[in-house]
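Numbering (mature numbering (1 follows the signal peptide of the UniProt record, and there is no 0)), first residue to last: -26 to -1, 1 to 217.
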């Protein structure tokens, strides 16, 4: 009787193995499969994943389409996000990094452009600002201004910030610009004392420079920001919005 019971249990396990195997296989390739849903010639993405929606730490990975197939091009790199985590309903000053999929088309920094950089790069100085004054027509824009900024805006960021030696602009709330929805979202450098950001994604300088050298406008680079367990739904939502 005992022998028959053991045989029955083994039979059930053997019958379930294909199911477990297919689920494991699907999980291991799910990101690449979901990336294939992206349209419009998007062939390069930076994926930023946090353990939970309120986490401050993130893993950053670069994926690129090669011969029609999505593959991991570089990773996994350590990153930081907003002090209050990430959110798909970001607001100005909430300390959260926007969740979603956004294009990467421009960059800037106080340091010289890294050799081999293809994405447009602006070397900034003390006269460059990013405006987060919700009452200003300049809201969420880079502005060059030689006068006293306090006479022009109620709130702004100086782009000579020590963590802006290199920065890639995340095109969040840019088309159209909605006042109060959040501004000045970058992928920028960090140092050893950086524990979180106020809404950006921060990485060590070497990794930001590497991304600047690898991002290619011809591949229409984008950034995907999401909890690790929700990457698929984040990509699907964006793919559903694409025309």
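We put the CB at the ideal spot given by N, CA and C, even for glycine.
With respect to the alpha helix (DSSP H) encompassing residue 213, which residues constitute its N-terminal and C-terminal limits?
Taking the chain shown and counting its residues from 1, the one referred to as residue 213 is at position 239. From DSSP, the alpha helix (DSSP H) with residue 213 extends over 205 to 215.
Near residue 100, what residues of its chain come up, given a Cβ to Cβ distance below 8 Å and the 5 sequence neighbours on each side ignored?
Sequence index remark: in the chain shown, residue 100 carries index 126 (1-based). Counting only Cβ-Cβ distances below 8 Å, and skipping sequence neighbours, we find 132 and 134.
Going by other Cβ atoms of all chains shown within 10 Å of its Cβ, with 16 needed for buried, is residue 106 buried or exposed?
Here residue 106 corresponds to residue number 132 of the chain shown, with the count starting at 1. By the neighbour-count rule (16 or more Cβ atoms within 10 Å), residue 106 is buried.
Any idea if residue -9 is buried or exposed, counting beta-carbon neighbours within 10 angstroms, 16 or more meaning buried?
Counted from its first residue, the chain shown places residue -9 at position 18. For residue -9, the predicted structure reports a pLDDT of 43, less than 50, and the residue's modelled location is therefore unreliable. The matter cannot be settled from this model.
Which of helix, strand or coil DSSP assigns to residue 72
Against the chain shown, residue 72 aligns to sequence position 98. Strand.
Give the range of the alpha helix (DSSP H) segment to which residue 179 is assigned.
For the purposes of this step, residue 179 is taken as residue 205 along the chain shown, with counting starting at 1. Residue 179 -> alpha helix (DSSP H) spans 179 to 188.
Which one or two residues does DSSP pair with residue 60 in a beta bridge?
By 1-based counting over the chain shown, the position of residue 60 is 86. In the DSSP output, where bridge partners are listed per residue, residue 60 has 71.
8 Å contact criterion, which residue 158 and residue 53 should meet: CB distance rounded
Working through the chain shown from its first residue, we reach residue 158 at position 184. Working through the chain shown from its first residue, we reach residue 53 at position 79. Between residue 53 and residue 158 the Cβ distance is about 17 Å, and since that is not below 8 Å, they are no contact.
Check whether the segment 5 to 17 and the segment 31 to 49 touch, using three or more Cβ-Cβ pairs below 8 Å as the test.
They touch, by the three-pair rule.
Cα-Cα, which of 195, 171 and 137 is closest to residue 218?
Residue coverage of the chain in this structure runs from -26 to 217, which leaves residue 218 outside it and unanswerable.
Whose C-beta lies closer than 6 Å to the C-beta of residue 20 among residues of the same chain, with five residues either side of it excluded?
Numbered from its first residue, the chain shown carries residue 20 at position 46. If you ignore the 5 residues before and after residue 20, its C-beta comes within less than 6 Å of the C-beta of 36 and 197, all in its own chain and listed in chain order.
Touching or not, the segment 196 to 212 and the segment 70 to 78, by the rule of three or more beta carbon pairs under 8 Å?
yes
On the three-state DSSP scale, how would you describe residue -5?
On the chain shown, position 22 is the one that residue -5 refers to. Low confidence applies to residue -5: its pLDDT is 34, below 50, so where it sits in the model is not reliable enough to give any reading.
Output needed for residue 181: all residues of its chain with C-beta closer than 6 Å, excluding positions within five of it in sequence on either side, in chain order.
Translated into positions along the chain shown, residue 181 becomes position 207. The answer, listed in chain order, is 51.
Measuring only the C-alpha atoms, how far is residue 113 from residue 95?
As a position in the chain shown, residue 113 is number 139, starting the count at 1. As a position in the chain shown, residue 95 is number 121, starting the count at 1. If I take the Cα positions, the gap works out to 21 Å.
How long is the line joining the alpha carbons of residue 56 and residue 41, rounded to whole angstroms?
Here residue 56 is taken as the residue at index 82 of the chain shown, counted from 1. Here residue 41 is taken as the residue at index 67 of the chain shown, counted from 1. If I take the Cα positions, the gap works out to 36 Å.
What are the boundary residues of the beta strand (DSSP E) that includes residue 96?
If you number the chain shown from 1, residue 96 lands on position 122. Boundaries of the beta strand (DSSP E) harbouring residue 96: 95 to 97, taken from the DSSP string.
How many whole angstroms separate the CB atoms of residue 28 and residue 59, which I take to be in contact at a CB cut-off of 8 Å?
Stepping through the chain shown from its first residue, residue 28 is reached at position 54. Stepping through the chain shown from its first residue, residue 59 is reached at position 85. Indeed they touch by this definition, with Cβ atoms about 4 Å apart.
Which partner residues of residue 10 appear in the DSSP bridge assignment?
Along the chain shown, one-based indexing puts residue 10 at 36. Residue 10 is not bridged by DSSP to any residue.
Given this structure, state the Cα-to-Cα distance separating residue 61 from residue 104, to the nearest angstrom.
In the chain shown, counting from the first residue as 1, residue 61 sits at position 87. In the chain shown, counting from the first residue as 1, residue 104 sits at position 130. Cα-Cα distance, rounded: 22 Å.
In whole angstroms, give me the CA-to-CA distance for residue 124 and residue 90.
The residue you call residue 124 lines up with position 150 of the chain shown. The residue you call residue 90 lines up with position 116 of the chain shown. Cα-Cα distance, rounded: 37 Å.
Evaluate residue 18 with the Cβ neighbour count: other Cβ atoms within 10 Å of its Cβ, from every protein chain shown; 16 or more gives buried, anything less gives exposed.
The residue given as residue 18 occupies position 44 in the chain shown. Buried, by the Cβ-count rule.
Between which two residues does the beta strand (DSSP E) holding residue 46 run?
Stepping through the chain shown from its first residue, residue 46 is reached at position 72. That run of the beta strand (DSSP E) goes 43 to 54.
Can you give the Cα-Cα distance for residue -3 and residue 15, rounded to whole angstroms?
Position 24 of the chain shown, counted from the first residue, corresponds to residue -3. Position 41 of the chain shown, counted from the first residue, corresponds to residue 15. Low confidence applies here, because residue -3 scores a pLDDT of 34, under 50, leaving its location unreliable and the question unanswered by this model.
Taking DSSP as the reference, what is the three-state secondary structure of residue 172?
The residue labelled residue 172 in the question sits at position 198 within the chain shown. Residue state, collapsed to three classes: coil.
Separation of residue 115 from residue 209, as counted between CA atoms:
Within the chain shown, residue 209 is the residue found at index 235, counting from 1. Within the chain shown, residue 115 is the residue found at index 141, counting from 1. Rounded to the nearest angstrom, the two C-alpha atoms are 27 Å apart.
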